[in-house]
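Single-structure report; data block below.
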Amino acid sequence: MFDHGPAGYLDALNAQQREAATFPGSTLLVLAGAGTGKTATLCSRVAWLMGEGVPAERILLLTFTRRAAREMVERARTLLTRTAPASGRIVGGTFHSVAHRLVRVHASALGLGPGFGVLDAGDAADLLDIVRQERGHSQSARRFPRAATMLDIYSRVVNAQAPLAEVLAQSFPWCEEHGEALGELFRSYASRKRALGVLDLDDLLLYWRALLADPVTGAQIAGAFEHVLVDEYQDVNGLQVDIVAGLRARGAHLTAVGDDFQAIYGFRAASARHILGFRERFADAQTVTLECNYRSTTPILDVANAVSAQDRKGLPKRLWSEREGGMRPELVFPLDDAAQARAVCERVLAAREEGIDLRAQAVLFRTGHDSDLLELELTRRAIPFVKYGGLRFLDAAHVKDLIALLRLVDNAADELSWFRVLQLLDGVGPTRAARMLDALRGAGAGAAAGPGTEAGAAAGPGAEAAPAAPTPDLRRWSEAAVHVPEGSREHADTLIAALTAASREAAAETGELVEALCAAIVPLIRLRYPDGAVRAYDLDQLAASARGARDIRHFVSELVLDPPASSADLAGPPHLDDDFLALSTVHSAKGLEWEAVHVISAYDGNFPADMATANEEGVAEERRLFYVALTRARRRLHVYVPQRYYHRLHASDDAHGCGQASRFLSRTVQSLFDHTRPAAPDGEPLPSGAAATRRRIEVSVDALFGG
DNA sequence: CTATTAGATGTTTTT
DNA sequence: CATCTAATAG
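Residue numbers for the first sequence follow the working numbering, beginning at 47 and rising by one.
Here you go:
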């Protein structure tokens with residue numbers, strides 16, 4: 047009965063985990079609390095399936111990040127080395143990256159050119175902004191949403207599959223007055239994307255769903271997979287559920303894993319109701335629940351359980367730990383942000399003294415800039431760190447410049463990229479760039495204000511037939527070059543020559559192509575930006591990472607779909623001997639764990655963010671986020687509540703608020719922590735708030751009198 | 001027509 | 001600080 051044959055790895059699992067890993071039916075839901083060995087279970091299931099004779103390439107593993115997919119495939123492979131040494135490749139990745147691969151394969155069936163580009167969020171926002179300008183909606187007038195916000199709204203509509211009006215009313219009430227303008231704008235945006243031959247991230251999902259709905263391609267795609275496994279199912283949205291259901295309906299077996307109490311992507315139209323309603327949607331589904339936590343010590347879990355118990359609506363769930371004992375979590379009340387930064391540094395270093403490497407520690411926070419001051423302090427003390435989440439590499443202007451150039455290699459119709467690249471030339475602004483584009487198109491069109499103006503103007507409601515504007519053609523460069531100012535002529539010619547060469551020699555090594563293009567653009571970058579040298583270095587790194595990529599179009603889209611989380615990521619795998627402290631938003635920390643975790647800026651208004659506290663579901667999601675932060679810790683947990691914080695970090699005034707501890711740190715929850723209040727020089731603990739300030743003055747005056 | 005500067009302003013989280 | 005706008009100088 048316990049004879050697992052060669053599959054001895056199953057012995058390492060507990061009964062529930064094993065049940066999930068070896069579930070023989072066709073639809074399985076695994077409710078796995080934080081730290082309950084979800085990854086191990088999923089890996090074992092993959093291994094088990096392969097052991098049962100399912101070919102690797104017929105297993106589809108959908109995860110939240112590419113890294114998670116890689117890790118699981120690796121582990122499953124290791125489990126199997128003895129039994130199935132020569133197995134094929136598992137198809138794995140995020141919904142978006144898998145969609146991208148499928149859409150590439152079926153591009154022609156979808157009416158897409160082979161070289162279609164993928165826009166990242168920044169590009170999509172730029173495009174929306176261009177459309178907005180053309181439509182004559184001014185940014186400044188009456189709180190019209192800015193580009194990034196427009197994209198948020200658009201994306202939410204698509205992903206929630208909900209009408210614009212509803213989305214506005216529910217999530218963007220301050221933009222409601224512009225509902226009509228936005229609707230019109232979004233339609234233009236959609237047709238413009240088609241004209242430019244580009245897809246945004248949401249399109250990838252839409253196209254995948256469309257492929258599944260089609261009788262021919264749908265059967266083809268679904269037939270390719272015998273098993274579909276979806277991780278983090280609590281964070282899927284309606285569109286993604288449609289895709290999963292589409293695969294299931296065509297016969298693929300389905301395993302979904304998730305934890306409704308870790309649903310933190312509501313702003314992306316994800317909803318825990320999909321995991322909670324799983325059994326209604328898939329009638330034959332069996333459920334396995336994992337509740338034994340192998341990650342955290344009991345005192346840490348007690349805190350986490352107390353926080354989750356505040357949500358009376360969630361399924362009552364209690365994690366219990368195998369790891370008895372351990373130190374109580376600490377609640378620290380520094381006087382202000384600066385004191386908080388110092389307190390974190392002290393504790394990080396103290397933990398390291400006790401043998402917990404920096405890499406086994408993390409500082410977690412609600413928003414990207416919560417760590418600003420801490421970063422300064424860490425730099426000052428020469429403590430190395432890597433920051434995840436927050437501002438990303440791809441947002442940097444010079445990186446976008448290079449990527450735009452790379453996009454043009456495969457898709458000369460991408461006028462958005464043309465526009466960007468041309469304006470890098472000294473003396474070329476929007477006007478000249480537009481003229482050059484006209485020349486490249488060979489169109490005798492009059493003054494254009496931006497890329498593809500006429501296509502946009504024609505795009506009324508339903509006007510999808512943009513009068514196929516002629517595609518810009520590199521061969522007409524000599525005509526366009528007339529518009530380049532004398533001084534930049536040489537740079538421009540070099541750039542175009544590199545582009546022409548890259549387009550022709552598609553067979554050449556990708557790394558070399560990218561490096562050649564990089565070399566052509568670097569002089570421009572150096573001239574354009576004051577810190578050009580640093581930026582040039584970034585680009586070299588980027589170009590170097592293109593070595594080994596299949597081709598340029600894959601390199602670029604993968605970069606967009608799976609952006610390096612930090613610039614350090616690009617430099618390749620960090621050296622083993624490097625010891626870095628991790629700084630991360632809670633969102634980016636999902637699924638990870640550290641020996642010691644420091645949660646900073648846990649004051650009300652920040653965590654929970656006061657924008658989210660308008661409705662109850664918003665607060666509930668913030669609470670889950672807090673829960674996720676707490677459950678990342680294995681042995682040590684410190685939560686910091688600065689007593690005073692400044693509204694404007696860089697302002698000269700000292701407008702500040704007095705921090706209330708996060709509402710999630712209720713009396714009950716607080717009682718599970720050890721408390722630390724700031725100490726005066728004589729070691730006497732100080733009361734908080736205004737009294738603390740007064741007390742400090744007294745101390746210093748006393749000192750003057752020698753007493 | 002482009003570059004530079006001054007001045008205002010800013011709802012978080014990410015594939 | 002970062003980003004966008006408007007106004008002004010080259």
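Backbone N, C-alpha and C fix where the C-beta goes; we use that ideal spot for every residue, glycine too. No experiment lies behind these values; they were computed from the predicted model shown.
| Query | Result |
| --- | --- |
| Rounded to the nearest angstrom, what separates VAL164 and THR344 at their Cα positions? | 46 Å |
| How is GLN689 classed by DSSP in three states: helix, strand or coil? | coil |
| For the stretch 70–83 against the stretch 329–347, are there 3 or more C-beta pairs whose distance is under 8 Å? | yes |
| Among the candidates LEU471, PHE232, ASP456, whose CA atom is the shortest distance from the CA of ASP447? | LEU471 |
| According to DSSP, is LEU695 helix, strand or coil? | For LEU695, the pLDDT reaches just 47, beneath the cut-off of 50, and the residue's location in the model is therefore unreliable, leaving the point undetermined. |
| Which residue comes first and which comes last in the beta strand (DSSP E) that contains PHE411? | 407–411 |
| Decide if the stretch 404–422 is in contact with the stretch 651–663; the criterion is three or more beta carbon pairs, one per stretch, under 8 Å apart. | yes |
| According to DSSP, simplified to helix, strand and coil, what is THR517? | coil |
| For ILE105, list the residues DSSP reports as bridge partners. | HIS273 |
| Give, in chain order, every unbroken run of the alpha helix (DSSP H) that is at least 4 residues long and sits entirely within the stretch 303–360. | 319–322, 324–327, 344–354 |
| Do you know offhand how far GLY475's Cα is from GLN469's? | 5 Å |
| When the Cβ atoms of the stretch 257–268 are set against those of the stretch 160–179, are three or more pairs found closer than 8 Å? | no |
| Distance, Cα to Cα, GLU667 vs ALA86? | 27 Å |
| Counting along the chain, where does the beta strand (DSSP E) carrying ARG369 start and finish? | 366–369 |
| Across which residues does DSSP place ASP382 in a beta bridge pair? | ARG690 |
| Closest by CA to LEU559, which one among TYR575, LEU541, ALA660? | LEU541 |
| Given that a residue counts as buried once 16 or more other Cβ atoms are within 10 Å of its Cβ, and exposed if not, what is GLN216? | exposed |
| How many Å lie between LEU718 and SER603 at the Cα? | 47 Å |
| For the alpha helix (DSSP H) that LEU214 lies in, which residues bound it at each end? | 210–217 |
| State buried or exposed for GLY54, treating a residue as buried only when at least 16 other CB atoms are found within 10 Å of its CB. | exposed |
| Could you have a look at TYR649 and say whether DSSP puts it in helix, strand or coil? | strand |
| Using the beta-carbon count (16 or more within 10 Å), is SER634 buried or exposed? | buried |
| At what residues does the beta strand (DSSP E) containing HIS415 begin and finish? | First-last for HIS415: undefined, no H or E at that position. |
| Is the beta carbon of ILE136 closer than 8 Å to that of LEU107? | yes |
| From this set, ARG682, GLU65, ARG709, which residue's C-alpha is nearest ARG369's C-alpha? | ARG682 |
| Can you say whether GLU510 is buried or exposed, counting buried as having 16 or more other CB atoms within 10 angstroms of its CB? | Interpretation of GLU510 is limited by its pLDDT of 35, a score under 50 that renders its predicted location unreliable; the figure taken from the coordinates is listed afterwards. So GLU510 counts as exposed. |
| What three-state label does DSSP hand GLY159 in the structure shown? | coil |
| Could you pull the start and end residues of the beta strand (DSSP E) that GLY81 belongs to? | Element bounds for GLY81: n/a, residue is neither H nor E. |
| Just verifying my parser: in three-state terms, what is the DSSP assignment at ARG681? | strand |
| Can you look up TYR434 in the DSSP assignment and give me helix, strand or coil? | strand |
| How long is the line joining the alpha carbons of ASP519 and GLY488, rounded to whole angstroms? | 8 Å |
| Excluding the 5 residues flanking ALA316 on each side, which residues of the same chain have their C-beta closer than 7 Å to its C-beta? | ASP281, VAL282, ASN283, ALA309 |
| In the DSSP assignment, what residue or residues form a beta bridge with GLU376? | HIS684, ASP720 |
| Taking its Cβ as the centre, do 16 or more other Cβ atoms sit within 10 Å of TRP94, making it buried, or is it exposed? | buried |
| Smallest Cα separation from GLY557: which of SER524, ARG572, HIS600, ALA582? | HIS600 |
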